[in-house]
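Written below as structure tokens is the structure these notes are about.
Residue numbers (the numbering used here): 1 to 286.
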């Protein structure tokens, strides 16, 4: 009996040593893999940040648009993090093919849920690459006009002349016509000036031409044009077409309208208003 007990104790001791060796080997093998995965993640993340810093500084030295720098930085950083996570998981022994499949399925689900948001991101890519406008440009789009304040991945913010902010989704913005008033150096002012049929047409044209010639911000080239545009129902319409620098458009427009009105008053040139002549016929009643 005593001998049997000693044999059982020896067997248990041998089993404990065996399992202890297995646990030690397991902890050594997978512990090192886990430490390696952690090292891959943190070192890879640090290298990704250093790479992005170098990329940003290079793009800034090349005077690349700030929106383009931000966009590429975000996209590249997300891509690098995904690669680092896959590499770390592979080092532990995770089947990366299934891991990538999970990412793909999750990406598809997220894409379907956020299709409108992703459409705005796609529109932002079009804006960045084709550059129909940039920050500080004066544009007219989606029925509003203003100066471009910011362009991000989802929307564009305009500041109106009365200092209101209008946020337009990029998808809506690129779907319609975009009028960029700042894309060219010069811009033409189109003025329609009405005078009475009884006023001296030549004097009116001379007055307008003199004002345009004397204004310091009206460009000599291209030359301005003053011409009869139409014979309307209540007036003769004169078209004045001076050219100015784009950033001076509104200031010059307001100044010219005021100067022309004052000169018209000096020369007794009237600006007619819609009116109706009523003729009463008297008939003899028998």
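For every residue, glycine included, the Cβ atom is placed at its ideal position computed from N, Cα and C.
Nothing here was measured: the structure is a model prediction, and the numbers come from that model.
First and last residue of the uninterrupted beta strand (DSSP E) at residue i
{"i": "residue 192", "result": "191 to 195"}
{"i": "residue 237", "result": "236 to 241"}
{"i": "residue 186", "result": "186 to 188"}
{"i": "residue 157", "result": "155 to 159"}
{"i": "residue 221", "result": "Per DSSP, residue 221 belongs to no beta strand (DSSP E) and is neither H nor E."}
{"i": "residue 180", "result": "178 to 180"}
Best match in the options for proximity to residue i [C-alpha to C-alpha]
{"i": "residue 85", "options": "37, 129, 122 and 118", "result": "37"}
{"i": "residue 262", "options": "129, 70, 143 and 204", "result": "204"}
{"i": "residue 222", "options": "212, 229 and 230", "result": "212"}
{"i": "residue 268", "options": "195, 61, 257 and 156", "result": "195"}
{"i": "residue 177", "options": "282, 230 and 144", "result": "144"}
{"i": "residue 170", "options": "132, 123, 147 and 202", "result": "123"}
{"i": "residue 153", "options": "75, 224 and 44", "result": "75"}
{"i": "residue 136", "options": "125, 121, 149 and 89", "result": "149"}
{"i": "residue 52", "options": "40, 33, 41 and 78", "result": "78"}
{"i": "residue 39", "options": "59, 69 and 89", "result": "89"}
Rounded C-alpha distance that separates residue i from residue j
{"i": "residue 192", "j": "residue 272", "result": "13 Å"}
{"i": "residue 235", "j": "residue 280", "result": "24 Å"}
{"i": "residue 127", "j": "residue 138", "result": "15 Å"}
{"i": "residue 239", "j": "residue 266", "result": "20 Å"}
{"i": "residue 92", "j": "residue 172", "result": "46 Å"}
{"i": "residue 264", "j": "residue 199", "result": "10 Å"}
{"i": "residue 207", "j": "residue 242", "result": "14 Å"}
{"i": "residue 220", "j": "residue 50", "result": "53 Å"}
{"i": "residue 251", "j": "residue 55", "result": "42 Å"}
{"i": "residue 260", "j": "residue 210", "result": "10 Å"}
{"i": "residue 45", "j": "residue 181", "result": "44 Å"}
{"i": "residue 161", "j": "residue 147", "result": "8 Å"}
Continuous alpha helix (DSSP H) stretch holding residue i: start and end
{"i": "residue 175", "result": "170 to 175"}
{"i": "residue 201", "result": "201 to 214"}
Three-state class that DSSP yields for residue i in the structure shown
{"i": "residue 149", "result": "strand"}
{"i": "residue 270", "result": "coil"}
{"i": "residue 167", "result": "strand"}
{"i": "residue 253", "result": "helix"}
{"i": "residue 232", "result": "coil"}
{"i": "residue 12", "result": "Residue placement at residue 12 is poorly supported in this model, since its pLDDT is 48, which falls under 50; the coordinates are not used for a value here."}
{"i": "residue 121", "result": "helix"}
{"i": "residue 144", "result": "strand"}
{"i": "residue 244", "result": "strand"}
Does the segment 160 to 170 come into contact with the segment 209 to 226, if we say contact requires no fewer than three beta-carbon pairs (one atom in each stretch) closer than 8 Å? Too few Cβ pairs lie closer than 8 Å, so no.
Three Cβ pairs or more, each shorter than 8 Å: is that satisfied between the segment 245 to 264 and the segment 174 to 189? Put simply, the segment 245 to 264 touches the segment 174 to 189. At least three CB pairs are less than 8 Å apart.
Can you find at least 3 beta carbon pairs, one from the segment 260 to 274 and one from the segment 223 to 240, that sit closer than 8 Å? A contact exists between the segment 260 to 274 and the segment 223 to 240.
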